[in-house]
Amino acid sequence: MNGGKKIGPASTAILFLNLAMAKYLMVLPHFMVSEVGNSAWIVIFLKGLAAIGLFLLIAALYKPYVGMGLGELTRRALTSPLGGALNFIIVCVMLVRGGMLFRILTEALQTLETDTVTIEYVGLFVLIPVLICALKGFNANVNASILILPFTVLSVVIISVALAPHYEVGNLMPIFGEGEGKILETAFLRFGGTFELMYLMTLSRSMGDYKTFKRGGLIGVGAISLFSFIFTLIYCLSVPYPVSKNFFFPLYQLTRMIKAGSFLQRMEPTVIFVWTGVIICGLSTLVIAAAELLKNTSGTKGGGGFVPLLVMIIFLVGVLPRSELDTYGIYKVVVNISHYFYIGVILAVLLTARLRKVERGLAYEA
Amino acid sequence: MRRKLLAALLAASVLLSGCNMSTEVNDKAYVIAVGVDKGSNGLLKVTFMFAYPSGGGDEAGGEKVDEKDIVTVEAPSIYSGMRLLDTFKSKRIDTNHTKLVAFSQELAEDRGVFSQLTDLVNTRGFRPSIYVCVTQESPSKLFNSMEPKQDVFIEKFIEHLFSKVAYNATSRAYLYNNYFSAVVEDGSYIMPLVGVTDKEKVKEAAEDYPYKKPDDFALNYTADEVPLHGDGSAALCGYGVFVDNKMVGTLGMMEGTIVKILEKNKNVGQFCVLYPDRDSYANVNLQLTNAPIVTVKTGDAPEIDIRIQLWGEFTGIGRTFRNSEDYESFVGYMSSAFERKTEELLERTRAEFGADILGFGDKAKANFLRYREWKDYNWKEKYKDARFSVHVEIDMNDYGELRFSQRK
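Residue numbers (my numbering), protein chains in the order written: chain A, 1 to 366; chain B, 367 to 774.
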């Protein structure tokens, strides 16, 4: 599925951004504000620092196994049946989370562009490109992300500049919102970036050496932390609490608020192309990672055969909740639980592999 | 082969898209303004003003037609009103280009407008950047009185009227700003006020105009008093005051200007200031030198200190100053008149309305670290005991003097 080519640190970072962008820009600010109020920007900042620390710790533990891929490592460290079962559970969690993310983002697209058609119809137009992108393989996916990323950055820059007249420092007060305890709890007890880190480890077979993995991962974690921090700060500065808690899709609401003269308004149809690109790249990377895990579990030669099946499951899981509100509820529960699941799985696998002195990966350079 | 197939598929996506789901501009009826008034049996009277496609064609039939299409229905909400329109309007109703939603004063006083604001913000039919206002007359009378003589289209007239820098109600007129204030400040906020000039009221006001009016500032009217001679016309002037989400009073033109200063709008505008002996007047053009410094101390009784620095020039002095003392004394008088007016407005918010309609709570919040502490402080009640101190400094230029040379 990866076409046999190795990717460099920049592409690794873009891959990480690709995975995280849809969630961190479109979903996370609302979740954080609903937990801690308008001090969400502090939480995101602390979460960013925690994510960098966590990445460095896991990268150090993962050092000998870079190039092996998480799926293969799990199987070797925990023996075949147990490792295979764990890989299968990871895939299931991925699919539920991916399905909910697909639904949330598709609902956003439907709200913006085509309110007269059903969610399944819009979802089809999201999943067909996801299917093609995932079938084309890992490198094609990275290349597509490289094309989309500058536009994503540009759209965030335009939004932040155009909204400048609406910034009110008073919206950030009282500075600690729901209290320091709640801020620290949300920032450090729910690990940020573990989901993306797991993907990165799953796909590390395509990343060459440890240096690439570490540098690319660090740049990715740093960049997404910065983006997410800036975007949440913009949101908190522009929308006062408790209104900010009630807006389900901050990026959409902020874009709707833009009115800078006669020309710079009604921006959402313009940036929707960028968001669609981000959603498609993010979901296709998820599918590729899940296919890679299934390949490692089943021992088959290629993972391409799993792709159509996985896309179909994401679609079916995504359309299960009755409403967008239900989807948010399920997604929130899954995210809150899966943080502990992912970090637990990663640490358990890495520590067991170290203790059992599992054979090193081919790409490791001493 | 694969590339050819991909190219063929891409070409097909362009060529086979067709126009099955297309909607022509001509197939829609664009709502330019919506008016909401009190109806019978708990219903609302919802008035829609539609854009009339100009430029002749079949619809105009080459004859001059009325350029306004105003329809009023009774319904429980704006959206259900739109649904009723579907029963007799041939075209599909579209609110994507709506510029204004006007609430009648009667409705605002009796039932408030919060549920309507929430409706408008939380649905995608209306943009959050549309303007909202309170109208002293019924919305249908307001829409009929809007005469776009300098503008080709009525929507441009509304856009220009509400976004004018000279008056600058813009920041307060946006839907989301009003909604934010209504939610955050416990339903205490101000909303731009539009009136239709009333000949009788104009006549009464004219008897006092300009010298006899007991005010330091000659141009101090409410929306329906603006002395326009001729047919009644829509005038955007002052604000409607909302406390607990119901309208309880109005602010006039001068008070509106002070709001504008407190909201850091740089161009304050032209003033007609009466001399202390009320014998003649001076015209001054004022601007903010720096943003006003507002300090709020949150003790048992909040202390609100406001420092305003203005810079301006005389555009007409009415009479010659005898000497520099005379000049300085007038500038000092003007500063104290501004101070007095600002204090009067603040005192009015405290004593008459008993609510922080100008949003000083935003500054007060900074004195607290957590929401819980801020809630416990009970700003809403504490504001009723607030004490104000206002300091206005006006720095005037002489004719032909450069601002920077004067200020060294």
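Glycine is no exception: its CB is placed at the ideal position from the N, C-alpha and C atoms.
- prompt: Any idea which residues DSSP pairs F102 (chain A) with across the strands?
  reply: According to DSSP, F102 (chain A) bridges with nothing at all.
query: What is the DSSP secondary structure of N171 (chain A), reduced to helix, strand or coil?
result: helix
query: By the 10 Å Cβ neighbour count, where 16 or more other Cβ atoms means buried, how is N141 (chain A) classified, buried or exposed?
result: buried
- request: Buried or exposed for P658 (chain B), please, with buried defined as at least 16 other CB atoms from any protein chain shown within 10 angstroms of its CB.
  value: buried
message: Buried or exposed, going by whether 16 or more other CB atoms sit within 10 Å of the CB of G299 (chain A)?
response: exposed
- prompt: Is the shortest distance between the beta-carbon of A373 (chain B) and the beta-carbons of chain A less than 8 Å?
  reply: no
task: Check each candidate in A:L105, A:M198, A:V91 and name the one with the smallest Cα separation from P250 (chain A).
output: A:L105
field: Neighbourhood of A532 (chain B) by C-beta distance below 6 Å, restricted to the same chain and skipping five residues each side
entry: With a pLDDT of 48 at A532 (chain B), under the threshold of 50, the modelled position of that residue is not reliable, and the figure given next carries that caveat. Closer than 6 Å at Cβ, skipping near neighbours: G635.
task: Would you list the residues sitting across from G678 (chain B) in a DSSP beta bridge?
output: B:L652, B:M762
- prompt: So which residues of chain A does W740 (chain B) contact, with C-beta pairs closer than 9 Å?
  reply: M173, P174
- request: Answer with yes or no whether the minimum CB distance from G170 (chain A) to chain B is below 8 Å.
  value: yes
message: Between which residues of its own chain and Y241 (chain A) is the CB-CB distance below 8 Å, once the five residues before and five after are set aside?
response: V33, G37, N38, N171, G177
query: If we cut at 8 Å on Cβ distances, does K750 (chain B) have a partner in chain D?
result: Absent from the structure: chain D. Protein chains present are A and B.
task: State the start and end residues of the unbroken alpha helix (DSSP H) segment that holds S547 (chain B).
output: 541 to 550
- prompt: For V278 (chain A), which option in A:T79, A:G48, A:A108, A:I42 has the closest C-alpha, if you only look at C-alpha atoms?
  reply: A:A108
- prompt: Can you list, in chain order, the residues of the segment 240 to 262 of chain A whose Cβ is nearer than 7 Å to any Cβ on chain B?
  reply: P240, P242, V243, R256, M257, K259
- request: Would you identify the three-state DSSP class for Y396 (chain B), choosing helix, strand or coil?
  value: strand
- prompt: For I89 (chain A), is the classification buried or exposed, using 16 other Cβ atoms within 10 angstroms of its Cβ as the cut-off for buried?
  reply: exposed
- prompt: In chain B, which residues lie with their C-beta within 9 Å of the C-beta of E178 (chain A)?
  reply: R736, Y737, R738
message: Within 10 Å of its beta-carbon, does T270 (chain A) have 16 or more other beta-carbons around it, so buried, or fewer, so exposed?
response: exposed
task: Inspect the beta-carbon positions of M173 (chain A) and T327 (chain A) and report whether they are closer than 8 Å.
output: no
- request: Put D666 (chain B) into one of helix, strand or coil per three-state DSSP.
  value: coil
task: Please name the residue, chosen from B:G491, B:F608, B:A721, that lies closest to Y749 (chain B) on a Cα-to-Cα basis.
output: B:A721
query: To the nearest angstrom, how far is it from the Cα of T464 (chain B) to the Cα of E525 (chain B)?
result: 10 Å
query: Should R716 (chain B) be labelled buried (16 or more other beta-carbon atoms within 10 Å of its own) or exposed?
result: buried
As assigned by DSSP and simplified to three states, the class of I146 (chain A): helix
message: So with CB distances below 9 Å, who are the chain B contacts of Q265 (chain A)?
response: R493, S495
field: Given 8 Å, three or more beta-carbon pairs between the segment 285 to 305 of chain A and the segment 49 to 59 of chain A
entry: no
field: Distance CB(V500 (chain B))-CB(A474 (chain B)) smaller than 8 Å
entry: yes
- request: Would you tell me roughly how many angstroms separate the C-alpha atoms of E669 (chain B) and F227 (chain A), rounded to the nearest one?
  value: 40 Å
- request: Anything in chain B within Cβ reach of T111 (chain A), meaning under 8 Å, just list it in chain order.
  value: R490
message: Tell me the residue span of the beta strand (DSSP E) that contains L602 (chain B).
response: 600 to 609
message: Could you check whether G318 (chain A) and G123 (chain A) sit closer than 8 Å to each other, using their CB atoms as the reference points?
response: yes
- request: Under the assumption that N87 (chain A) contacts G69 (chain A) (Cβ atoms under 8 Å), give the Cβ distance between them as a whole number of angstroms.
  value: In fact, because the Cβ distance is near 10 Å, the residues do not count as touching under 8 Å.
query: Would G344 (chain A) be called buried (16 or more neighbouring beta carbons within 10 Å of its own) or exposed?
result: exposed
message: Less than 8 Å between CB atoms is the rule here; does G37 (chain A) satisfy it with respect to chain B?
response: yes
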